[in-house]
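Under my numbering, the first residue of the sequence shown is numbered 14, with each subsequent residue one higher. Here is the structure we will look at.
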Amino acid sequence: MKKRKPKRIYEEEKYNTEIQNYRGIKFKLIVYTEQHFAALRAKRFLLISDKEEHPSQNFWIPNCYLEKDGTLKPNVFVDWIFVKCVKANKFKYAGIDIPDWMRGKL
Numbered sequence: 014m015k016k017r018k019p020k021r022i023y024e025e026e027k028y029n030t031e032i033q034n035y036r037g038i039k040f041k042l043i044v045y046t047e048q049h050f051a052a053l054r055a056k057r058f059l060l061i062s063d064k065e066e067h068p069s070q071n072f073w074i075p076n077c078y079l080e081k082d083g084t085l086k087p088n089v090f091v092d093w094i095f096v097k098c099v100k101a102n103k104f105k106y107a108g109i110d111i112p113d114w115m116r117g118k119l
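Set out below in structure tokens:
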């Protein structure tokens with residue numbers, strides 16, 4: 014008889030699932046299983062809008078800009094990720110106003 018592998022349950026408290034803030038833009042980590050995270054070179058986040066009628070939009074941040082728990086490292090420059098989100102209309106679909114600091118970079 015074949016032994017069953019015990020089901021792995023990820024520990025959500027191991028990752029920062031709180032709403033994070035980068036220069037006025039709110040986002041939150043999407044938690045997967047530990048195996049899934051090990052295979053990825055980036056983690057997936059949701060843009061958070063204050064307006065409930067708008068759907069949230071996904072974007073990715075490379076692991077080199079993140080702590081092990083998914084928190085954005087202090088003093089990192091990731092403006093380029095959010096500029097890419099604006100160019101892909103993710104801010105528009107999420108109902109988020111484009112911040113003033115980003116307008117000059119578009």
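Glycine included, each C-beta is placed from N, C-alpha and C at the ideal position.
{"Item": "Taking the alpha-carbon of Q70 as reference, which of R54, P87, K39 has the nearest alpha-carbon?", "Value": "K39"}
{"Item": "For R57, name the three-state secondary structure that DSSP assigns.", "Value": "strand"}
{"Item": "Output the distance between the C-alpha atoms of W114 and R17, rounded to the nearest integer angstrom.", "Value": "54 Å"}
{"Item": "Quick one: does D110 have its CB under 8 Å from some CB of chain D?", "Value": "Although the question refers to chain D, the structure presented lacks it and comprises just one protein chain."}
{"Item": "In whole angstroms, what separates the C-alpha of N76 from that of D92?", "Value": "15 Å"}
{"Item": "Starting from K16, trace the beta strand (DSSP E) in both directions and tell me its first and last residue.", "Value": "Run containing K16: none; DSSP gives neither H nor E here."}
{"Item": "Look at the alpha carbon of F90 and the alpha carbon of G117, and state the distance between them as a whole number of angstroms.", "Value": "16 Å"}
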